[in-house]
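Data first, discussion second: the structure below is written as structure tokens.
Residue numbers (the working numbering): 103 to 403.
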């Protein structure tokens, strides 16, 4: 029996690119899949485009009510009744090579055969492209000087992740662990949490190939474009606020709120500092806000 794959597609105001993504799914060499779609209350023509594709029975629109952001939208999908062993995540503005499901599923099964029935996640590289799918870089990780193997290290994944949801395949066991995890007020991106839980409770692997055109444009939630120093300075306040919320989510999922100052220093020394060179600006922000939030928690308790 050929295994069916469930693809979770979260959408919101994606009329410019979503048909490209749907077309790339329809052209997959591995055709035994179903696509669960959740729309976050789009106000453009996204729903019209989705509905025009529902004549293909593999595509199912589950909900079009507002959930409040990409994380909540994917959390809704991950909490749905998934009846397949293998799951992939799909962004509305990317483009999949036609052999993506076939190769990633085969690779995943090879790993699974050696992994003794545990939660598993496999992620791959990405190809950076512009709005018209013109190639910017054949490797997301090389373009940004990130080491993808860092994500396999539990020290790293406990506070930072460069695993992107559109590049992953995972099993139902990981979904069950994810849904049992009690999300707090401040929670990380869904793909970071999936990777962290896979590392904690099972295994995470990297496939050094790209099957996804990761489109760069002004509206994508997490992009791979390099930014100039001037651009970064202009975005300082926004960056500060984002890293602050991110830091609070890391403190929350690792239950670091009640740790002593010494144990917090140990966390930074053991988990964060070994990877400082990969992203010095981000890491410096993180360390500063980590201790600032810790001090605020102690004063309020």
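All C-beta atoms, glycine included, are put in the ideal place defined by N, C-alpha and C. Note that the coordinates shown come from a computational prediction; the quantities given were computed from them, not determined experimentally.
Between the CA atoms of residue j and residue i - distance to the nearest angstrom
i, j, result
"residue 172", "residue 245", "25 Å"
"residue 281", "residue 367", "31 Å"
"residue 116", "residue 147", "8 Å"
"residue 221", "residue 155", "33 Å"
"residue 405", "residue 357", "This structure gives no information on residue 405, because the portion of the chain shown stretches from 103 to 403."
"residue 291", "residue 176", "10 Å"
"residue 253", "residue 375", "15 Å"
"residue 121", "residue 315", "14 Å"
"residue 283", "residue 301", "14 Å"
Nearest neighbour of residue i, chosen from the options [CA to CA]
i, options, result
"residue 178", "138, 145 and 205", "138"
"residue 257", "131, 125, 175 and 352", "352"
"residue 163", "283, 349, 141 and 125", "141"
"residue 169", "300, 183 and 143", "143"
"residue 274", "311, 215 and 185", "185"
"residue 160", "125, 193 and 339", "125"
"residue 199", "295, 268, 299 and 339", "268"
"residue 304", "363, 216, 238 and 342", "216"
"residue 135", "174, 203 and 265", "203"
"residue 226", "313, 235 and 300", "313"
"residue 241", "247, 229, 248 and 250", "229"
"residue 123", "152, 195 and 158", "195"
Close-in-space but distant-in-sequence residues of the same chain around residue i (CB under 8 Å, 5 per side omitted)
i, result
"residue 224", "206, 209, 210, 213, 270, 271, 272, 306, 307, 308 and 309"
"residue 232", "238, 317, 318 and 319"
"residue 339", "none"
"residue 373", "257, 258, 260 and 261"
6 Å Cβ shell around residue i - same chain, five flanking residues per side excluded
i, result
"residue 286", "354"
"residue 386", "none"
"residue 114", "142 and 144"
Contacting residues, own chain, Cβ-Cβ under 7 Å from residue i (five flanking each side not counted)
i, result
"residue 73", "With the chain covering only 103 through 403, there is no way to say anything about residue 73."
"residue 350", "288 and 395"
"residue 149", "141 and 166"
Segments assigned beta strand (DSSP E), at least 3 residues, entirely inside the region 159-241: Counting only runs of 3 or more, we get 161-165, 188-193, 222-231 and 237-239.
Which whole runs of the alpha helix (DSSP H) in the region 353-388 are 4 residues long or more, in chain order? 363-369
Does the region 258-267 come into contact with the region 373-381, if we say contact requires no fewer than three beta-carbon pairs (one atom in each stretch) closer than 8 Å? The region 258-267 makes contact with the region 373-381: 3 or more CB pairs, one atom from each, lie closer than 8 Å.
Can we say the region 106-113 touches the region 181-195, given the rule of at least three CB pairs closer than 8 Å? yes
Which complete alpha helix (DSSP H) runs does the region 107-143 hold, if anything under 4 residues is left out? 120-128
Alpha helix (DSSP H) segments (min. 4 residues) lying fully within the region 239-267: 242-245 and 256-259
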